[in-house]
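The opening position of the sequence shown corresponds to residue 1 in this note's numbering, with each subsequent residue numbered one higher.
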Amino acid sequence: MNHNSIVGVRKMKKTIRLRIDTKDRSGMVLDILHILNNYCVDIRALEVHPGIAYIKTYDDFHVSLEVLKSQLLQEKDVIAVQKVELLPQEEREKYIETVLDATEEGIIAVDKHGIITTLNQGAKKVLKVNEGVIGEHISKIIAPELPILETIKTGKSYEHVEIILDNQESPAHYVTSGRPILDEEGKPIGAVGSIRDIESVMDLVHLFTKPSMITFDEIIGKSEKIIRVIEMSKIISKSDSTVLIRGESGTGKELFARSIHMASPRKNKPFVAVNCAALPDSLLESELFGYEEGAFTGARKGGKPGLFKYADNGTIFLDEIGELSTHLQVKLLRVLQESKVRQLGSNTETPINVRVIAATNRDLEKFMENGQFREDLYYRLNVIPITVPPLRERKDDIPILCEYYIQKLGQRMNKPIQGISDEAIKKLIEYDWPGNIRELANIIERAMNLCHENIIQTHHLILENQQYSSSIDLLTKEKSLQPLKEVVAEAEKRAIEEALRQSTSIRQAAKSLGVNHATVINKMRLYGIEKA
1 MNHNSIVGVR KMKKTIRLRI DTKDRSGMVL DILHILNNYC VDIRALEVHP GIAYIKTYDD
61 FHVSLEVLKS QLLQEKDVIA VQKVELLPQE EREKYIETVL DATEEGIIAV DKHGIITTLN
121 QGAKKVLKVN EGVIGEHISK IIAPELPILE TIKTGKSYEH VEIILDNQES PAHYVTSGRP
181 ILDEEGKPIG AVGSIRDIES VMDLVHLFTK PSMITFDEII GKSEKIIRVI EMSKIISKSD
241 STVLIRGESG TGKELFARSI HMASPRKNKP FVAVNCAALP DSLLESELFG YEEGAFTGAR
301 KGGKPGLFKY ADNGTIFLDE IGELSTHLQV KLLRVLQESK VRQLGSNTET PINVRVIAAT
361 NRDLEKFMEN GQFREDLYYR LNVIPITVPP LRERKDDIPI LCEYYIQKLG QRMNKPIQGI
421 SDEAIKKLIE YDWPGNIREL ANIIERAMNL CHENIIQTHH LILENQQYSS SIDLLTKEKS
481 LQPLKEVVAE AEKRAIEEAL RQSTSIRQAA KSLGVNHATV INKMRLYGIE KA
């Protein structure tokens with residue numbers, strides 16, 4: 001038989017996996033291996049746990065599977081022998097592979113020598129490679145100088161690093177983050193990195209829209225404080241002056257910004273929302289102001305107009321303005337003063353007609369004292385200040401807000417819940433609402449998931465100051481358990497909202513969760529979590 005024939009036979013062999021239950025004693029595995037060796041069983045993998053041995057082999061041993069099982073069962077202290085679909089380690093690997101492929105981000109892992117060990121579907125798509133690159137050095141596949149290689153040496157993480165790949169048909173522009181894989185002594189034994197093409201990152205940073213249809217009618221409330229803010233916002237919407245919206249996270253600052261735009265003479269022009277904390281400084285600069293062809297390596301042919309130019313004759317909403325670097329504060333100040341923008345790489349300025357609405361939950365006055373925020377920019381932005389009150393200062397609105405979210409979520413979830421009890425409303429009014437309206441919407445949605453009645457009762461309300469175990473207890477008390485997928489999604493959503501509540505920016509929330517900010521923004525969109 002020639003070599004090719006041998007290879008062909010090998011490919012025809014079937015893989016089988018056995019689980020062998022035994023008494024947990026010394027030498028048990030050696031006794032099992034001795035029996036398998038007697039029947040020429042070609043062991044491809046062996047996994048041992050207390051009282052259990054798993055083997056992976058081909059089905060070409062010298063006796064039938066039933067005979068082999070019989071011989072194993074004759075061995076003293078062997079309790080049972082059965083076929084299994086996967087070894088435990090294979091199940092874990094399959095689970096991890098599924099989790100990695102579920103994210104749009106490219107994920108790639110290397111060992112301490114820089115050899116690719118794992119990459120998900122997202123990485124294959126972004127880098128235009130296939131499974132065959134596993135086992136290759138990452139520098140041969142992507143680029144010779146990569147931050148992930150430095151991470152292997154130093155054990156230090158990196159975030160939002162731009163890389164330009166010139167080894168493809170056309171230069172490719174990416175943003176990558178990574179962290180080391182450490183052994184028990186804290187020494188790097190590899191690294192894992194995420195990678196996104198720049199266009200997909202841009203999609204996360206800003207939202208190009210036709211004029212938003214959100215109006216003041218969608219700001220729910222009848223308390224004196226919120227009515228006063230709405231009336232003030234309606235008045236100033238007719239103006240072109242710059243607006244600075246202040247308020248805690250979750251109060252609905254972007255909702256006010258969009259409503260002001262829709263009540264203004266600019267309502268049929270673009271509304272561009274930009275999160276100032278969602279990008280590295282250099283990327284945010286090129287996005288806001290645009291760039292000329294050849295302005296930097298990897299710049300798009302023909303250049304690209306910036307967001308200010310895109311928003312011409314409309315409104316640009318600069319969310320989390322307090323996160324803007326001092327360098328970009330200078331450039332923004334110039335735009336506000338002169339109503340002109342200069343693209344990167346250009347010597348000419350282009351006139352623009354854009355209304356600027358900024359928002360922050362930071363203490364800008366303290367930032368000015370510390371030198372983190374320019375005083376001249378502050379006064380340019382703070383022409384018309386609007387402060388959105390926290391929910392704890394407008395508790396009269398809680399009943400009407402509950403009614404609104406029950407109706408809105410009921411349609412989406414297809415749950416015929418008719419309302420909320422007076423006792424439940426009282427419980428909500430007594431709560432302090434650190435997460436504001438965003439937290440209220442979250443709690444109502446959670447209650448609707450847990451409620452199998454027509455009316456939400458107090459025991460359906462799991463507030464942030466209660467233990468998470470209460471949620472699990474409640475799930476088991478209801479008529480039926482929630483599907484695991486829904487429970488996991490709810491826990492993930494809850495963790496993100498809590499991180500956002502305790503953080504001053506998306507970037508800080510992402511850091512506390514141990515993920516990059518792009519992942520948090522993705523999840524916020526997936527779960528309908530609104531930015532403050």
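For every residue, glycine included, the Cβ atom is placed at its ideal position computed from N, Cα and C.
Predicted model only: the values in this text are computed from it and were never measured.
*Cβ atoms of isoleucine 96 and isoleucine 116: under 8 Å apart, would you say?*
no
*With a CB to CB cut of under 7 Å and the five nearest residues on each side skipped, what residues in its chain are close to aspartate 473?*
The predicted model places aspartate 473 with a pLDDT of 48, which falls under 50 and marks its position as unreliable; any figure quoted below should be read in that light. Within the same chain, aspartate 473 has no close Cβ partners at all.
*Do you know whose CA, among His261, Leu244, Ser223 and Arg246, lies nearest threonine 215's CA?*
His261
_Less than 8 Å between C-beta atoms, sequence neighbours within five positions excluded: which residues of the same chain meet that for isoleucine 138?_
Ile108, Val110, Gly114, Ile115, Ile116, Leu146, Ile148 and Leu149
*asked:* What does the Cβ neighbour count give for histidine 62, buried or exposed, with the cut at 16 atoms within 10 Å?
replied: exposed
*What do you reckon, are the CB atoms on serine 249 and asparagine 414 nearer than 8 Å?*
no
*asked:* Does arginine 342 come out as helix, strand or coil in the three-state DSSP assignment?
replied: coil
*Taking the alpha-carbon positions, what's the tyrosine 379 to glutamine 337 distance?*
11 Å
*Decide if proline 88 is buried, meaning its Cβ has at least 16 other Cβ atoms within 10 Å, or exposed.*
exposed
*Only counting runs of 3 or more residues, tell me where the beta strand (DSSP E) segments fall wholly within the stretch 237-276, in order along the chain.*
243-246 and 271-275
*Could you name the residues of the same chain whose beta carbon sits closer than 6 Å to that of glutamate 375, not counting the 5 residues immediately before and after it, in chain order?*
Met368
_Cβ neighbours of threonine 458 in the same chain (closer than 6 Å, five flanking residues each side left out)_ = Glu423, Ala424 and Lys427
*Would you say arginine 246 faces chain D, with C-beta separation under 8 Å as the test?*
Of the protein chains in this structure there is only one, and it is not chain D.
_Contacts around arginine 25, its chain only, beta-carbon distance under 8 Å, and the 5 residues preceding and following it disregarded_ = Asp77
*proline 385 in three-state terms, based on DSSP*: strand
*Counting pairs of Cβ atoms below 8 Å between the stretch 119-133 and the stretch 149-159, do you hit three or more?*
no
_Span of the alpha helix (DSSP H) around serine 70_ = 65-74
_Residue from Ser64, Arg17 and Leu72 whose Cα sits closest to the Cα of leucine 30_ = Leu72
*For glycine 178, which beta-bridge partners are listed by DSSP?*
Tyr158 and Gly193
_Option in Ser264, Arg438 and Val243 with minimal Cα separation from serine 237_ = Ser264
_Rounded straight-line distance, which links the Cα of lysine 23 to that of serine 53_ = The question names serine, but residue 53 in the sequence shown is alanine. Between alanine 53 and lysine 23, the C-alpha separation is close to 11 Å.
_Pairwise C-alpha distance: leucine 33 and leucine 526_ = 50 Å
_Residue burial classification, histidine 517 (beta-carbon count within 10 angstroms, cutoff 16)_ = buried
_Integer Cβ distance of leucine 364 from glycine 322, believed to fall under 8 Å_ = 6 Å
_Suppose the cutoff is 7 Å on Cβ atoms and the five residues either side in sequence are ignored; what does the same chain contact list for valine 335 look like?_
Phe308 and Val341
*Cβ neighbours of valine 48 in the same chain (closer than 8 Å, five flanking residues each side left out)*: Val29 and Tyr54
*Could you tell me the distance, in whole angstroms, from the CA atom of glycine 190 to the CA atom of glutamate 498?*
32 Å
*Using the DSSP secondary-structure output, state which residues sit across from phenylalanine 317 in a beta bridge.*
Ala273 and Ile357
*Assign serine 505 to one of two classes, buried (16 or more other C-beta atoms within 10 Å of its C-beta) or exposed (fewer than that).*
buried
_Neighbourhood of valine 515 by C-beta, 6 Å cutoff - its chain only, sequence neighbours within 5 removed_ = none
_Coarse secondary structure for isoleucine 32, derived from DSSP in three states_ = helix
*First and last residue of the alpha helix (DSSP H) that includes tyrosine 405?*
398-413
*For threonine 360, the nearest candidate out of Leu344, Pro351 and Thr387 (CA to CA)*: Thr387
*isoleucine 429 and cysteine 402: beta carbons closer than 8 Å?*
no
*Opposite isoleucine 417 in the DSSP bridges: which residues?*
In DSSP, isoleucine 417 forms no bridge with anything.
*In angstroms, rounded to a whole number, what distance separates the CA positions of glycine 193 and tyrosine 431?*
41 Å
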